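A.B. asks: One structure follows; several queries about it will come next.
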Amino acid sequence: GDSVTQMEGPVTLSEEAFLTINCTYTATGYPSLFWYVQYPGEGLQLLLKATKADDKGSNKGFEATYRKETTSFHLEKGSVQVSDSAVYFCALSVTTGGGNKLTFGTGTQLKVEL
Amino acid sequence: DAGITQSPRHKVTETGTPVTLRCHQTENHRYMYWYRQDPGHGLRLIHYSYGVKDTDKGEVSDGYSVSRSKTEDFLLTLESATSSQTSVYFCAIRDRGLGSEQFFGPGTRLTVL
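Sequence order for the protein chains is A and B.
Per our numbering, the first sequence starts with residue 349, numbered consecutively.
Per our numbering, the second sequence starts with residue 1137, numbered consecutively.
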């Protein structure tokens, strides 16, 4: 079946450090890939997405590139801020007859310190 | 923000009691989903709906049932709550279209004693 593997957390960084959160996937079809972010006590918000190979999703300084050859969708940001502290989820969806269902990774907690 | 509300936002109940969680949307989206979030598991799909009266099971559907009698409401029912169903429950909605994203509600924290 479909699955998503992302790096274990928590990840602790100093403000302005470079961020990478690794995400790899296994899928039977041609998935769309997503990064969601969850701030404490809130629901998930879409951060960025990519729908086909070599697409780059970007938002709020975060980027991720859909790499079909390595089945990866790593999240990067050049300079993190304290306000980026949250849990980040990588997810995929594959078109099915009953609707696109999301398969999530287990989430990576990011803590950014001054 | 996508127009999704969940009720109640918090609930404490006892083992063996029935519980119904409600998801309400104002976006007129066709697809609605129920997930549970547990530490170490991320989010897992319980049930989903692709239209009024059209529902299907997700990967963790045992012990749960759903109903969708109108486009805007998707109900999740625990017929007889167990402690293993203590979790945070999220509803999500999605419009049509390949690659379209899901929008999530604020969640319901359920504790089964």
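The beta carbon of each residue, even a glycine, is placed where N, CA and C say it ideally should be.
Keep in mind the model is a prediction, meaning the values are calculated, not measured.
Counting only beta-carbon atoms, is glutamate 1150 of chain B nearer than 7 Å to chain A?
C.D. replies: It does not; no Cβ of chain A falls within 7 Å.
A.B. asks: Express the C-alpha separation of glutamine 1221 of chain B and leucine 394 of chain A in angstroms, rounding to a whole number.
C.D. replies: 26 Å
A.B. asks: Which residue marks the beginning of the beta strand (DSSP E) containing histidine 1160 of chain B, and which one marks its end?
C.D. replies: 1155-1161
A.B. asks: Any C-beta of chain B sitting closer than 7 Å to the C-beta of lysine 449 of chain A?
C.D. replies: The C-beta of lysine 449 of chain A comes closer than 7 Å to at least one C-beta of chain B.
A.B. asks: Is any beta-carbon of chain A found at less than 7 Å from that of glutamate 1237 of chain B?
C.D. replies: yes
A.B. asks: Excluding five sequence neighbours on each side, which residues of the same chain lie with their C-beta closer than 8 Å to the C-beta of tyrosine 1186 of chain B?
C.D. replies: Arg1166, Tyr1167 and Asp1192
A.B. asks: List the residues of chain B whose Cβ lies closer than 7 Å to the Cβ of glutamate 390 of chain A, in chain order.
C.D. replies: Within 7 Å Cβ-Cβ: Pro1242.
A.B. asks: CB-CB under 7 Å to alanine 365 of chain A, same chain, minus the five flanking residues each way: which ones, in chain order?
C.D. replies: Val428
A.B. asks: Interface residues of chain B around glycine 489 of chain A at Cβ under 7 Å?
C.D. replies: Absent from the structure is residue 489 of chain A, since the part of chain A shown begins at 349 and ends at 462.
A.B. asks: Give the DSSP-derived three-state secondary structure of serine 1197 of chain B in the structure shown.
C.D. replies: coil
A.B. asks: I want to know whether the region 354-371 of chain A touches the region 1206-1225 of chain B - three or more CB-CB distances under 8 Å.
C.D. replies: no
A.B. asks: Go ahead and pull the three-state DSSP assignment for aspartate 1192 of chain B.
C.D. replies: strand
A.B. asks: Using 8 Å as the cut-off, can you tell me whether the region 1148-1157 of chain B makes contact with the region 1234-1248 of chain B, which would need three or more C-beta pairs spanning the two stretches below that distance?
C.D. replies: Output reads yes: the region 1234-1248 of chain B touches the region 1148-1157 of chain B.
A.B. asks: For tyrosine 1169 of chain B versus tyrosine 1184 of chain B, is the C-beta spacing smaller than 7 Å?
C.D. replies: yes
A.B. asks: Can a CB atom of chain A be found closer than 7 Å to the CB of lysine 1226 of chain B?
C.D. replies: It should be pointed out that residue 1226 of chain B corresponds to phenylalanine in this sequence rather than to lysine. For phenylalanine 1226 of chain B, the answer is yes, since a Cβ of chain A falls inside 7 Å of its Cβ.
A.B. asks: Within the same chain, show all residues whose beta-carbon is closer than 8 Å to that of serine 362 of chain A, passing over the 5 residues directly before and after it, in chain order.
C.D. replies: Val460, Glu461 and Leu462
A.B. asks: Going by Cα to Cα distance, which pick from B:Asp1231, B:Thr1149 and B:Val1202 is closest to serine 1223 of chain B?
C.D. replies: B:Thr1149
A.B. asks: Excluding the 5 residues flanking serine 1203 of chain B on each side, which residues of the same chain have their C-beta closer than 7 Å to its C-beta?
C.D. replies: Leu1211.
A.B. asks: Please name the residue, chosen from B:Gln1142, B:Thr1151, B:Lys1147 and B:Gly1243, that lies closest to threonine 1218 of chain B on a Cα-to-Cα basis.
C.D. replies: Threonine 1218 of chain B has its Cα closest to that of B:Thr1151, out of B:Gln1142, B:Thr1151, B:Lys1147 and B:Gly1243.
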